[in-house]
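Here's the structure we're looking at; comments come further down.
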Amino acid sequence: MALAIAVIAGTAAAPASPTSASAGHGPLELGPAHSTAPDEVSELEFPTTISHRGGADVYPEESMEGFTASARDGFLPEMDIQFLADGTPVLIHDDTADRTLDGVSGKVRDLSLEEWNSARIKHPNGGPTAETVTLDEALDELGGEVVMVPEIKPGATSAEVDQVLDVFDERGLADSLIVQSFDFAAAKTIADRGYTSLYLTGATLPTESFDEIAAAGIEWVGPSKDLPTRDLRRLDKAGFHVAPYTLETSKDGHRLPGWIDGFFTDDAWTN
């Protein structure tokens with residue numbers, strides 16, 4: 001895994017400007033002529049750039065504009081899965097609506113689908129707001145077209161983990177997803193179900209042994225960027241793909257050691 005720093009396939013050319021989408025012109029068209037991010041995990045080149053929350057410092061957080069722009073420009077769109085009152089999986093990082101949404105407030109699990117659809121996602125730089133996104137809507141737009149990196153958020157029940165994986169199964173997405181969780185049991189279930197599993201950890205090494213993580217079928221580990229380099233290297237030498245979170249820009253990610261296989265960034269466009 002000791003590979004030279006490089007961007008993923010198709011991104012050697014300068015990325016398109018994010019201006020048009022961030023100006024509120026709606027979701028970008030994604031087709032063969034525009035999509036530069038790989039559509040299968042097996043096609044990834046390292047280090048791969050993961051566009052955290054769809055580029056939360058550039059686009060409205062977890063918006064279709066951010067997801068499609070990320071894919072178009074060669075980055076893997078990352079998103080967080082929470083659940084509404086009726087069990088609908090939706091894409092939002094926090095378990096409350098207040099920080100990122102206009103028009104609704106309170107716990108996401110208390111919102112109806114009607115309330116969710118009526119809300120708007122705030123723009124990080126004061127630009128136009130964007131529509132909220134359900135998991136199904138994101139998969140309708142991008143499923144199988146680009147490697148996506150969804151996180152099943154802490155607090156999801158085992159039944160909800162299975163519910164999300166069932167949705168992925170129905171769409172035949174096992175080859176085109178890296179599915180994340182901070183919960184070891186959930187990360188193991190993800191691997192057991194045949195998905196590439198990324199176990200998110202913190203600024204210290206996980207409590208599970210490397211052998212235990214590997215035996216669970218987990219291939220990727222996502223530690224905090226604050227984990228000491230010596231410990232990042234230990235994870236790498238143990239055979240895991242290592243992808244720290246969250247770098248401010250891609251420029252910061254490209255300063256990482258060459259054996260790092262990926263990184264999460266809130267601004268994948270600034271090199």
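Sequence positions in the sequence shown follow full-length UniProt numbering and run 1 to 271. We put the beta carbon where it would ideally sit given N, CA and C, even for glycine. Computed from a predicted model, the values in this text were never measured in an experiment.
Burial state of residue i, where buried means 16 or more other Cβ atoms lie within 10 Å
i: Gly24; result: For Gly24, the predicted structure reports a pLDDT of 37, less than 50, and the residue's modelled location is therefore unreliable. A value from the coordinates is still provided. Label assigned to Gly24: exposed.
i: Glu72; result: The question names Glu, but residue 72 is Arg in the sequence shown. Buried: at least 16 other Cβ atoms inside 10 Å.
i: Asp266; result: buried
i: Ala159; result: exposed
i: Pro257; result: exposed
i: Thr207; result: exposed
i: Lys153; result: buried
i: Glu61; result: buried
i: Ser17; result: Its pLDDT being 44, under 50, Ser17 is placed unreliably by the model, and the measurement read from it follows with that caveat. So Ser17 ends up on the exposed side.
i: Thr229; result: exposed
i: Glu115; result: buried
i: Ser209; result: exposed
Residue i, enclosing beta strand (DSSP E) - first and last residue
i: Thr196; result: Thr196 to Leu200
i: Glu145; result: It is not in any beta strand (DSSP E) - Glu145 carries neither H nor E in the DSSP assignment.
i: Pro220; result: The sequence shown places Trp at residue 220, rather than the Pro named in the question. Note, Trp220: beta strand (DSSP E), Trp220 to Gly222.
i: Asp162; result: Taken as a continuous stretch (DSSP letters only), Asp162 belongs to no beta strand (DSSP E), being part of the alpha helix (DSSP H) at Ser158 to Arg171.
i: Ile213; result: Counting along the chain, Ile213 falls outside any beta strand (DSSP E), though it belongs to the alpha helix (DSSP H) covering Phe210 to Ala215.
i: Asp80; result: Leu76 to Phe83
i: Thr48; result: Thr48 to Ser51
i: Pro89; result: Pro89 to Leu91
Beta-carbon spacing of residue i, residue j below 8 angstroms
i: Pro77; j: Gly262; result: no
i: Val133; j: Ile81; result: no
i: Trp220; j: Thr196; result: yes
i: Val149; j: Gln180; result: yes
i: Ala215; j: Gly239; result: no
i: Ser105; j: Asp98; result: yes
i: Trp259; j: Asp236; result: yes
i: Gly74; j: Ala37; result: yes
i: Arg171; j: Leu139; result: yes
i: Ala243; j: Ile218; result: no
i: Leu177; j: Phe184; result: no
i: Lys225; j: Tyr245; result: yes
i: Asp39; j: Gly155; result: no
i: Met79; j: Arg120; result: no
Residues bridged to residue i [DSSP beta-bridge criterion]
i: Tyr245; result: Ser224
i: residue 290; result: Residue 290 lies beyond the range of the chain shown here (1 to 271); nothing can be said about it.
i: Ser181; result: Tyr199
i: Pro150; result: Met79
i: Phe264; result: Ile50
i: Asp102; result: Arg120
i: Thr96; result: Lys107
Residue interval of the alpha helix (DSSP H) (run including residue i)
i: Asp252; result: Ser250 to Gly253
i: Gly258; result: Premise fails: Gly258 is in no alpha helix (DSSP H) and is neither H nor E.
i: Leu235; result: Thr229 to Lys237
i: Thr68; result: Met64 to Arg72
heavy atom of the ligand SAM below 7 angstroms from residue i C-beta
i: Gln180; result: The ligand SAM is not among the ligands present in this structure, which contains no ligands whatsoever.
Inter-residue CB distance, residue i and residue j (contact presumed, cutoff 8 angstroms)
i: Thr249; j: Pro223; result: Going by Cβ atoms, the distance from Thr249 to Pro223 rounds to 19 angstroms, so no, they are not a contact pair.
i: Leu113; j: Thr129; result: Not quite, the Cβ-Cβ distance comes to about 19 angstroms (not below 8 angstroms), so this is no contact.
i: Ser70; j: Gly55; result: 6 angstroms
i: Leu91; j: Lys122; result: Not confirmed; about 15 angstroms, so no contact.
i: Gly253; j: Thr49; result: 6 angstroms
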